[in-house]
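Visitor: Here it is: the structure, laid out below.
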Amino acid sequence: MAAVDPGDEKNTPPMVAARRSPVTTALITSCLREELQARLVALGQPAYRASQVLHGIYRRRARDFAGLSDLPAALRAQLAAEFVFPALTLVRVLGARDTTQKFLFRLSDGQLIESVLIPASPALYGEASDRRTLCVSSQVGCAYGCKFCASGLDGWTRNLQAGEIVEQVLQAEALGGNRVDNLVFMGMGEPLANFDNLLRAIAILNDAEWGLGLGARRMTVSTSGLAPQIRQLADQPRQIRLAISLHGATDEVRSQIMPVNRKYPLAALLDACRYWRSHKKQRLTFEFILIADLNDSPAQAQALAALANELAAKVNLIPYNTVAGLPWLRPPEARCEAFLRTLRARGVAATLRREKGHDIDAACGQLRRQTMQGENGG
Ligand code: SAH
Ligand code: SF4
Numbered sequence: 014m015a016a017v018d019p020g021d022e023k024n025t026p027p028m029v030a031a032r033r034s035p036v037t038t039a040l041i042t043s044c045l046r047e048e049l050q051a052r053l054v055a056l057g058q059p060a061y062r063a064s065q066v067l068h069g070i071y072r073r074r075a076r077d078f079a080g081l082s083d084l085p086a087a088l089r090a091q092l093a094a095e096f097v098f099p100a101l102t103l104v105r106v107l108g109a110r111d112t113t114q115k116f117l118f119r120l121s122d123g124q125l126i127e128s129v130l131i132p133a134s135p136a137l138y139g140e141a142s143d144r145r146t147l148c149v150s151s152q153v154g155c156a157y158g159c160k161f162c163a164s165g166l167d168g169w170t171r172n173l174q175a176g177e178i179v180e181q182v183l184q185a186e187a188l189g190g191n192r193v194d195n196l197v198f199m200g201m202g203e204p205l206a207n208f209d210n211l212l213r214a215i216a217i218l219n220d221a222e223w224g225l226g227l228g229a230r231r232m233t234v235s236t237s238g239l240a241p242q243i244r245q246l247a248d249q250p251r252q253i254r255l256a257i258s259l260h261g262a263t264d265e266v267r268s269q270i271m272p273v274n275r276k277y278p279l280a281a282l283l284d285a286c287r288y289w290r291s292h293k294k295q296r297l298t299f300e301f302i303l304i305a306d307l308n309d310s311p312a313q314a315q316a317l318a319a320l321a322n323e324l325a326a327k328v329n330l331i332p333y334n335t336v337a338g339l340p341w342l343r344p345p346e347a348r349c350e351a352f353l354r355t356l357r358a359r360g361v362a363a364t365l366r367r368e369k370g371h372d373i374d375a376a377c378g379q380l381r382r383q384t385m386q387g388e389n390g391g
């Protein structure tokens, strides 16, 4: 575990973390166009070179500086001396092209992260169906320690740089052989605890002129409920989507599995959701993992329906993926269906994920843990 508490948002004030970290500027896929421009001009290059470099990376999909073959060799040498690219190397792939594919990447400091490519996913977060959705990680590990989650089991190691988020998309598109249509920040980590890098990555992914050109409405940030950052995110202008990992419709149930609920109980979280609603056009999504005998009762379904109706939120029910070493179980199918019916009978727009490939679709964080344990001989 790190010396600072990464769960305390005061430790990562906006933009300060990005400025302080030398690696943020060194990773070329972390750069905004104006930053690259300024750096290249300082190196004696004309400003337009920045657009050419970014065009080479995000349009022509160069995989390294040598791949920017339409640029002068001297410029490529300057870039290679100043910046790092790429930041991720593929370690393992699970699954096949026409099913869910899970990629395990190694970062330059040896840390492991996962991204999951889900083809033809149903319309879960308001996007059009039949699209390729990529689930990306935002941190190495997670500080929030939800009791059901593999990502939090080993604590928090570090934030991902913006470029490490961006490169998950570049690599998944190269490996999957297709463009990614939807992006969800539902891999390892709490995206809102890595706020500056998240916003920076979204800016790069979203920019149609020099970045990847992925529509803001096609990006969904998922949070365990960091109320202040939800408000901060609502204040930024991009029309991204927000999913709240609720998993408990009362404080009593939610606090049992999500320690964050003690810091931001439902009343505070729902207040922040109301704030989001008043600033954004998109509907909110409540994610609700169904865990046997914990939150799958009719009373929880009724309480959840009331919350969803109050906030005009959609509900996405996810039968729990068992995690090795954790005691929680997925409820029987009939119980999940009954929960869904209770929501729908109360007028809630709800879906129940009936995923195939449950075995490889195992919750994010698990492939990394298996590989780490293998490498450590444990
Ligand atoms: N930290 C953020 C985003 C990453 S977790 C968040 O909590 O929202 C993405 C989603 O996966 C969350 O809804 C999380 O609760 C869910 N999840 C975690 N472990 C899971 C498991 N074992 N089975 C099903 N969903 C899980
Ligand atoms: Fe972290 Fe999200 Fe897992 Fe909770 S569910 S431990 S916030 S990654």
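In short: position in the sequence shown from 1, add 13, done, that's our numbering. Note that the Cβ used here is the ideal one computed from N, Cα and C, for glycine as well.
Residue 349 lies in the beta strand (DSSP E); which residues open and close that run?
Guide: It is not in any beta strand (DSSP E) - residue 349 instead sits in the alpha helix (DSSP H) that spans 346-358.
Visitor: Cβ of residue 177 less than 8 Å from any chain C Cβ?
Guide: Considering every chain present, this structure includes no chain C. It has just one protein chain.
Visitor: For a quick check, are the C-beta atoms of residue 320 and residue 301 less than 8 Å apart?
Guide: Not in contact: residue 320 and residue 301 (Cβ atoms no closer than 8 Å).
Visitor: Where does residue 223 fall in DSSP's three states?
Guide: Residue 223: coil per DSSP, three-state reduction.
Visitor: Taking all protein chains shown into account, decide if residue 154 is buried (16 or more other Cβ within 10 angstroms of its Cβ) or exposed.
Guide: Buried is the call here.
Visitor: Express the C-alpha separation of residue 298 and residue 158 in angstroms, rounding to a whole number.
Guide: When rounded, the distance between both Cα atoms is 22 Å.
Visitor: Pick helix, strand or coil for residue 114, following the three-state DSSP scheme.
Guide: Three-state result, residue 114: strand.
Visitor: May I have the straight-line CA-CA distance separating residue 100 from residue 180, to the nearest angstrom?
Guide: Taking the straight line from one Cα to the other gives about 7 Å.
Visitor: Indicate whether the contact test is met: 3 or more Cβ pairs, each with one atom in the segment 263-282 and one in the segment 237-254, closer than 8 Å.
Guide: Result yes; three or more Cβ-Cβ pairs closer than 8 Å.
Visitor: Please confirm whether any heavy atom of the ligand SAH lies closer than 7 Å to the CB of residue 311.
Guide: Answer for residue 311: no, Cβ out of range of the ligand SAH.
Visitor: With 16 as the cutoff for other CB atoms within 10 Å, does residue 61 come out buried or exposed?
Guide: Exposed: under 16 other Cβ atoms inside 10 Å.
Visitor: Are the CB atoms of residue 187 and residue 147 within a distance shorter than 8 Å?
Guide: Contact flag unset, no.
Visitor: Quick check on DSSP: helix, strand or coil for residue 155?
Guide: Coil at residue 155, not helix or strand.
Visitor: Do you know how far the Cα of residue 359 is from the Cα of residue 125?
Guide: So the two alpha carbons sit approximately 43 Å from each other.
Visitor: If you draw a straight line from the C-alpha of residue 119 to the C-alpha of residue 323, how long is it?
Guide: So the alpha carbons of these two residues sit roughly 43 Å apart.
Visitor: With a floor of 4 residues, list each alpha helix (DSSP H) that falls wholly inside the segment 284-347, ordered by position along the chain.
Guide: Within the segment 284-347, the complete alpha helix (DSSP H) runs of at least 4 residues are 311-324.
Visitor: Considering only DSSP beta bridges, list what residue 40 is partnered with.
Guide: In the DSSP output, where bridge partners are listed per residue, residue 40 has 97.
Visitor: Quick check: does the Cβ of residue 232 come within less than 7 Å of any heavy atom belonging to the ligand SAH?
Guide: False, no ligand heavy atom lies under 7 Å from that Cβ.
Visitor: Using C-beta distances below 7 Å, list every residue in its chain close to residue 231, excluding the 5 sequence neighbours before and after it, in chain order.
Guide: Here the set comprises 140, 194, 195, 196.
Visitor: Could you have a look at residue 84 and say whether DSSP puts it in helix, strand or coil?
Guide: In this structure, residue 84 counts as coil in the three-state DSSP scheme.
Visitor: Should residue 309 go down as buried or exposed, given a rule of 16 or more other Cβ atoms within 10 Å for buried?
Guide: Per the 10 Å Cβ criterion, buried.
Visitor: Can you give me the C-alpha to C-alpha distance between residue 56 and residue 169, rounded to a whole angstrom?
Guide: Taking the straight line joining both Cα atoms gives about 37 Å.
Visitor: DSSP three-state label for residue 198, please.
Guide: DSSP places residue 198 in strand when its eight states are reduced to three.
Visitor: Between which two residues does the beta strand (DSSP E) carrying residue 257 extend?
Guide: Residues 254-258.
Visitor: Quick one: grab the DSSP three-state call for residue 267.
Guide: Helix, per DSSP.
Visitor: To the nearest angstrom, how far is the alpha carbon of residue 207 from that of residue 98?
Guide: Rounded to the nearest angstrom, the two C-alpha atoms are 21 Å apart.
Visitor: How would you label residue 260, buried or exposed, when you count the other beta carbons within 10 angstroms and need 16 or more for buried?
Guide: Result: buried.
Visitor: List the endpoints of the continuous beta strand (DSSP E) containing residue 144.
Guide: Residue 144 -> beta strand (DSSP E) spans 144-148.
Visitor: Could you name the residues that DSSP lists as bridge partners for residue 363?
Guide: Paired residues: 328.
Visitor: Since residue 303 contacts residue 349 with CB under 8 Å, what's their CB separation in whole angstroms?
Guide: Right, the Cβ-Cβ distance comes to about 5 Å (below 8 Å), so this counts as a contact.
Visitor: Compare the beta carbon distance of residue 127 and residue 200 with 8 Å and say whether it is the shorter of the two.
Guide: The answer is yes: Cβ separation under 8 Å.
Visitor: Assuming residue 2 and residue 145 form a contact by the criterion Cβ under 8 Å, report the distance between their Cβ atoms to the nearest whole angstrom.
Guide: Nothing can be reported for residue 2: it is not among the residues displayed for the chain, which extend from 14 to 391.
Visitor: Less than 8 Å separating the beta-carbons of residue 247 and residue 294?
Guide: Going by C-beta atoms, residue 247 is not nearer than 8 Å to residue 294.
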